[in-house]
Structure formats: structure tokens, C-alpha cells
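Take 1 as the starting number for the sequence shown in full-length UniProt numbering and just add one per residue.
Yeah, the Cβ is synthetic: ideal placement off N, Cα and C, and Gly gets one too.
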Amino acid sequence: MNPDDVPAFHAVMMAAGMDPRSSWARTTLLDLERSLFSPGAGGFLAVGSGEGALGCVGYRPDGAATLTLNKLATRPGARGGGVGRALVWQVEHVARAGGYRRVLLAVSQFNLDVLPFYEKLGYVVTDDTYAHANPSSPPPVVLVKSVSTAPYEDMQR
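Pasting the structure below:
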């Protein structure tokens, strides 16, 4: 990712159709720049041939052992084709390469229908606190996955 990718990243987020009550819907380009380009942070765009950006995901460190996955989104027309799964795998790869032991993510109370997607990828609900929760929103559901011992072959399922 580079700063020139931020508008495309934002466009995918806004096209994803998140509930307008979610803080997600109020994310600005400046918010994204701060999140994606803070120390140790980054992101990925999934781009289709001639289709532009189909999906996006961000990540940032949350202590020495945890990499936080955030802002995963796919355009509605790209869903079901593995774009989201590939983006999650990319973050898991960054976590392993960076020596993190787990990936943590938070799901908005307004987006709970995505929980089975994450559970299918091996994430489990935890009572951990999400450090980046918006105080004006309901507490999110937090999920984690150990990545230090999960062999790459398991991710290919």
C-alpha cells in the first residue's frame, strides 16, 4: 500500500454496505492514512483485472504478540470468490513473518452476520478488549487466531 491507494481503499469500504450506525461509515481518508501508515501498520488492496479494487484490509500491531486485522471489506459483487479469505491470509502471513503469535480482529455489533466467515477461517470469540473500539459505538465482538503454530497448509482449506 502507498498513500495513493487510500482513496480506492476508502471506496471499497464505503461500497461494502456497512450499517450506517457503525463508526465504519464515518471513516475518512485522513482516518485511513493514520491507521494504515502508523508505525508497523499497513494494508492490502485486492485488484481485479480491469475491475479496479475489489477488496481491502488493514493491519496494525497491538503489542509484541498481537497483530490486529481491521477494515476488511469486499465489494458486494466480489463476495464469495475468495477475495476476503485471501486478504485475511495476507495479514496472517504478515503476522507470522513479523513474529506475532496471534491475529486479533473486532466485529461491529452492526455486522454480526460476518462471524461465521471468520470462524470458518479459524478465528474464535474471546473476551479480550479491542483497544481501538470507538467509545460511541456498542462494544464489538473480538475474535483471535493463533498464527505461530498454524502451518501454511492448514490455511489452504
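C-alpha gap between residue i and residue j, whole angstroms
| i | j | result |
| --- | --- | --- |
| residue 181 | Gly42 | Examination of residue 181 is not possible in this model, given that the chain is present from 1 through 157 alone. |
| Gly77 | Ser35 | 26 angstroms |
| Tyr59 | Leu72 | 9 angstroms |
| Tyr123 | Ala8 | 27 angstroms |
| Pro140 | Leu29 | 22 angstroms |
| Thr129 | Val142 | 7 angstroms |
| Gly50 | Asn2 | 20 angstroms |
| Ala11 | Ser23 | 16 angstroms |
| Leu112 | Glu33 | 26 angstroms |
| Asn134 | Arg21 | 12 angstroms |
| Gly63 | Ala95 | 12 angstroms |
| His132 | Ala16 | 21 angstroms |
| Pro61 | Gly40 | 6 angstroms |
Residue of the options minimising C-alpha distance to residue i
| i | options | result |
| --- | --- | --- |
| Gln90 | Leu121, Leu29, His132 | Leu121 |
| Val114 | Gly80, Pro135, Asp128, Pro138 | Gly80 |
| Ser136 | Leu69, Ala11, Gln109, Lys145 | Gln109 |
| Leu45 | Ser146, Ala131, Pro61, Cys56 | Cys56 |
| Val107 | Val94, Pro138, Ala65, His93 | Pro138 |
| Thr74 | Gly63, Leu87, Ser146 | Leu87 |
| Gly99 | Ala65, Arg85, Leu112, Asn111 | Ala65 |
| Val144 | Thr27, Ala131, Tyr118, Arg85 | Tyr118 |
| Val147 | Leu67, Gly48, Phe37, Arg85 | Leu67 |
Buried or exposed by the 16-neighbour rule on C-beta atoms within 10 Å, applied to residue i
| i | result |
| --- | --- |
| Ala97 | exposed |
| Asn70 | buried |
| Val83 | buried |
| residue 159 | Nothing can be reported for residue 159: it is not among the residues displayed for the chain, which extend from 1 to 157. |
| residue 159 | Residue 159 falls outside the range modelled here, since the chain spans only 1 to 157, and no answer is possible. |
| Met13 | buried |
Coil, strand or helix - residue i by DSSP
| i | result |
| --- | --- |
| Gly84 | helix |
| Ala41 | coil |
| Glu153 | Because Glu153 carries a pLDDT of 42, less than 50, the predicted location of this residue cannot be relied on, and no value is offered for it. |
| Ser148 | coil |
| Tyr130 | coil |
| Pro20 | coil |
| Phe117 | helix |
Bridge partners - residue i, DSSP secondary structure assignment
| i | result |
| --- | --- |
| Gly77 | According to DSSP, Gly77 bridges with nothing at all. |
| Val6 | Val6 is not bridged to any residue. |
| Thr68 | Arg60, Leu104 |
| Ala46 | Gly55 |
| Val125 | Leu143 |
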